[in-house]
Amino acid sequence: MVQQVTILGATGSIGVQTLEVLALHPDRYRPFALAAFTRWQALAEQCLAFKPRYAVLRDEAAALALRNHLAAAGSDVEVLGGDEALNMVAAHPDADVVVAAIVGAAGVEPTMAAVHAGKRILLANKEALVVTGKIFMDAVEASGAELVPLDSEHNAIFQCMPHGNSASMKGGQKNAGVTRLILTASGGPFRTLDKEALMNVTPEQAVRHPNWDMGPKISVDSATLMNKGLELIEASWLFAMPSEKIDVVVHPQSVIHSMVEYEDGSVLAQLGTPDMRTPIACALAWPDRVASGATRLDFTQMSELQFEAPDMERFPCLRLAREALEAGGTATAVLNAANEVAVAAFLAGQIGFMDISHCAATALDKMLAPTCKTVEEVLAVDAATRRFVDAHITSLSR
Ligand code: NAD
Ligand code: MG
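In terms of the working numbering, the sequence shown opens at residue 2 and continues consecutively.
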């Protein structure tokens, strides 16, 4: 049976690499719906190459432009626009797999639509889980959705977990005998810079990651280590492990993608070249294995694997994320919203690199973070935090 795949965030780094993997296996997978935000030209090219049933742009004006363009090209792809269309293709009865690869809390609603529809969900959009936490995991449990992590660290841990969960994470993760999760972090482009130098780094330097080629927001998050902080929170929810059983170790070569330690002292690791097509192919086919197109590791060419503790002084975002996870309620939603606003301001040249952690710390300090029962309530906390941080940034630049 050919699996029909919806890609939310098709034009991004993960979306494009997912299409590359799908193209290797036309006998197994077909793109069903491709969804993005505003970049209709990029989506038009994908539509002409992959001929999905639906193309969706959240931005209505961009959807109109795409519709006209594809009609003129004689394509019969159905073009839709707006929030509801995004939710529709995520929950469509004919979609077997949904790749959640929108960046940021903007992915919460369409990803939740896929969860409620009981889809097999390949989760790259870590922010959706960081923002909604327990609500998300409870909904997965209730609908019987299958959640397979795409984030390389979480995909690595997923592969190293006890094999009770081999059919995906349906029915809850079995973590019997597991004593610790060890998330590896590359350390980002500024791993060796001192605090003075960090004050003056530019957006161009921040988005140039040494090992991975990713979208701008996650690249900045990797430079501040907020990405590892978000991943700590993500891992805690995905694998039902408390903060104190999840460690972070800096490993600059990005060969070991993460590890699981067991009661008897065994540590299982997943290794590979730093290429997202490996976790994408793994998550698509699991528990089968299919080719990904990634280059293989050559151990004879590897000189050394280094490990060091992360420096919370220079990279306070990781500490803030751990504090938010331990605080509970919607603290992680506050952290995420503050970070999204601050990263956008940094990329726009409005604030400095170290102001990002400052914004997150101030928001965590000042915002109420009640426990919420619904996604709507959580998104209200998210919106209030964005307004607060926007105002804070305006006051900083005065
Ligand atoms: P990207 O910026 O390259 O792409 C983002 C995609 O989301 C684009 O298709 C864009 O059209 C869409 N999008 C953005 N805002 C939207 C909105 N408001 N509504 C609808 N669509 C919107 O980002 P990326 O690097 O591909 O990352 C996507 C997600 O995957 C992020 O959550 C990131 O943390 C996660 N992730 C990425 C990588 C990587 O290697 N790139 C690795 C692990 C996890
Ligand atoms: Mg990752």
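Yeah, the Cβ is synthetic: ideal placement off N, Cα and C, and Gly gets one too.
How far does the beta strand (DSSP E) with residue i in it reach, from first residue to last?
i, result
"ASP248", "247-251"
"GLN5", "4-9"
"GLU79", "79-82"
"GLN271", "268-272"
"LEU336", "Per DSSP, LEU336 belongs to no beta strand (DSSP E); it is in the alpha helix (DSSP H), 332-348."
"LEU58", "55-58"
Please determine whether the Cβ atom of residue i lies at a distance below 7 Å from any heavy atom of ligand 3.
i, result
"GLU128", "Ligand 3 is absent from the structure shown, which contains only ligand 1 and ligand 2."
Compare the Cα-Cα distances from residue i to each of the options and report the closest residue.
i, options, result
"SER187", "LEU380, PRO204, ARG209", "ARG209"
"PRO94", "LEU71, TRP41, ALA34", "ALA34"
"GLY230", "ALA346, ASP356, PRO317, HIS70", "PRO317"
"ASP28", "ALA384, GLU245, ALA286, ALA114", "ALA286"
"GLY134", "THR180, LYS374, MET2, LYS120", "LYS374"
"ARG315", "LEU58, SER396, ARG59, LEU194", "LEU194"
"ALA343", "GLN302, THR12, PHE389", "PHE389"
"GLU309", "LEU20, ASP152, LEU184", "LEU184"
"PRO204", "ASP356, GLY10, ALA370", "ASP356"
"ASP366", "ASP383, ALA332, SER244", "ALA332"
"LEU369", "ALA328, PRO288, PRO190, GLY353", "ALA328"
"VAL116", "ALA107, VAL104, LEU130", "LEU130"
"LYS45", "VAL109, SER304, SER76", "Residue 45 is actually Ala in this sequence, not Lys. Looking at the Cα atoms, SER76 is the closest of the given residues."
"VAL179", "LEU298, GLU262, LYS127", "GLU262"
"ALA62", "SER293, ASN228, GLN42", "GLN42"
"GLN4", "ALA282, VAL109, VAL98, LEU20", "VAL98"
"LYS175", "VAL379, LEU239, ALA143", "LEU239"
"LEU336", "ILE234, PHE51, ARG399", "ILE234"
"ALA381", "ALA334, ALA349, ARG297, ALA346", "ALA334"
"GLY266", "GLN307, GLU324, ARG181", "ARG181"
"PRO253", "THR274, MET242, PRO243", "THR274"
"THR296", "CYS48, ASP289, LEU49, VAL256", "VAL256"
"ASP383", "VAL132, GLU85, GLU79", "VAL132"
"ALA322", "LEU306, ASP222, THR395", "ASP222"
"PHE354", "ASP276, ALA361, MET200", "MET200"
My understanding is that residue i touches residue j, with C-beta atoms under 8 Å, so please give their C-beta distance in whole angstroms.
i, j, result
"VAL249", "MET260", "Actually they do not touch by this definition, with Cβ atoms about 11 Å apart."
"TYR30", "VAL6", "5 Å"
"ALA118", "ALA92", "4 Å"
"PRO190", "VAL251", "No, PRO190 and VAL251 are not in contact; Cβ-Cβ is about 13 Å, not under 8 Å."
"VAL104", "GLY16", "With a Cβ gap of about 10 Å, VAL104 and GLY16 do not count as contacting."
"ALA364", "ALA339", "4 Å"
"THR39", "ALA102", "At roughly 16 Å, the Cβ-Cβ gap does not stay under 8 Å, so THR39 and ALA102 are not in contact."
"ALA96", "HIS155", "Contact doesn't hold; Cβ gap of about 22 Å is too wide."
"ALA284", "PRO150", "7 Å"
Let me know if residue i comes out buried or exposed under the rule of 16 or more other beta-carbons within 10 Å of its beta-carbon.
i, result
"ARG59", "buried"
"PHE300", "exposed"
"GLN271", "buried"
"THR372", "exposed"
"PRO53", "buried"
"LEU9", "buried"
"SER167", "Residue confidence is low: SER167 scores 40 on pLDDT, short of 50, so the model does not pin down where it sits. Its coordinate-derived value is still stated next. It counts as exposed."
"SER153", "buried"
"SER398", "exposed"
"MET2", "exposed"
"GLY165", "In this prediction, GLY165 has a pLDDT of 48, which is less than 50 and means its spatial position is unreliable; nothing more can be read from the coordinates."
"ALA107", "buried"
"LEU148", "buried"
"ASP139", "exposed"
"ASP214", "exposed"
DSSP has residue i in a bridge; who is on the other side?
i, result
"ILE183", "ASP248, MET260"
"VAL149", "LEU123"
"GLU309", "VAL251"
"PRO32", "VAL6"
"ALA101", "LEU9, LEU124"
Going by DSSP, what residue range makes up the alpha helix (DSSP H) through residue i?
i, result
"ARG40", "Run containing ARG40: none; DSSP gives neither H nor E here."
"ILE136", "135-144"
"VAL376", "376-397"
"VAL221", "217-225"
"THR112", "109-117"
Please tell me whether residue i has its Cβ less than 8 Å away from any Cβ of chain B.
i, result
"PRO288", "Chain labels in this structure do not include chain B; a single protein chain is all it has."
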